[in-house]
Amino acid sequence: MWWRSPALIAVLFTGLAALALGGCGFQPLYGGTTAGGAKLAEVMAAVDITPIPGRVGQKLRNELIFTNTGGGYAAPARYKLDIAIKESVTDQLVEITGDATGQVYQIEASFKLVDSSNGREVLQGKAISRAAYNRFQEIFANVRARYDAENRAARMISESIKTQVAAFLSNAA
């Protein structure tokens, strides 16, 4: 009997799942067009990211610019993204002597997306990221471990901000 075949049941189930997802209006966030018909990649490339103070701010801005433009040139700015970051470090593993052997670096980013045509704020949000790192006897190893934690946290924050902005622009633009 044909209905007892596991392969046929799997194909039938996959077809029904695809039909159900297509009927509910599901579409990939970065794959298609916005509600206004423009390609999301083109709209994201038109977001101007204002300079952010500090080394981590520069790293965060560069990550966002690269992911928004794909390494290409930015389009004329339709939106402006203002980001403010707050950094902190927390001791985690503390020895009997009181020395910390592990720390957690944290970035809190507050951002707002402003429409360049009228200066109106259209989106605001927050993103938080933490990255743990070990402390060593050598100064250079400590500096490199901290830089690595800062870079990892900046990369995670940039992905979070990009996702929030893309989700908004896919429905608004």
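Under the working numbering, think of the first position of the sequence shown as 4, with each following residue one higher.
C-beta atoms are modelled at their ideal positions from N, C-alpha and C, and glycine is treated no differently.
From a predicted model like this one, the values you see are computed outputs, not experimental measurements.
Is it true that the segment 62 to 80 meets the segment 132 to 139, where meeting means three or more beta-carbon pairs spaced less than 8 Å apart? no
Tell me the rounded alpha-carbon separation between T72 and K42. 13 Å
Is it true that the segment 79 to 93 meets the segment 113 to 132, where meeting means three or more beta-carbon pairs spaced less than 8 Å apart? yes
Can you give me the C-alpha to C-alpha distance between R158 and A152, rounded to a whole angstrom? 10 Å
Beta-carbon contacts of E124 that lie in its chain and below 6 Å, excluding the five residues immediately before and after: K115, V117
Could you pull out every residue in the same chain whose Cβ sits closer than 6 Å to the Cβ of D51, ignoring the five residues on either side in sequence? A80, K83
A175 versus F139, Q106, V46, V97, residue with shortest Cα-Cα distance: V46
For S163 and S8, what's the separation of their Cα atoms in angstroms? 44 Å
Check the C-beta distance from V59 over to I110 and give it rounded, since I have them as a contact under 8 Å. 7 Å
Beta strand (DSSP E) runs contained entirely in the segment 85 to 137, provided each spans 3 or more residues: 105 to 118, 124 to 137
One or two residues paired with Y82 in a DSSP bridge: V50, D118
Close Cβ partners of K129 (< 6 Å) along its chain, the five nearest in sequence each way excluded: S113
C-beta atoms of G105 and R138 nearer than 8 Å: yes
Straight-line CA distance for Q61 to P54? 7 Å
Can you say whether L11 is buried or exposed, counting buried as having 16 or more other CB atoms within 10 angstroms of its CB? exposed
Taking just the CA atoms, how far does L63 sit from V168? 15 Å
Can you give me the Cβ contacts of V107 inside the same chain, cut-off strictly under 6 Å, excluding the 5 residues immediately before and after it? T93, Q95, R133, A135
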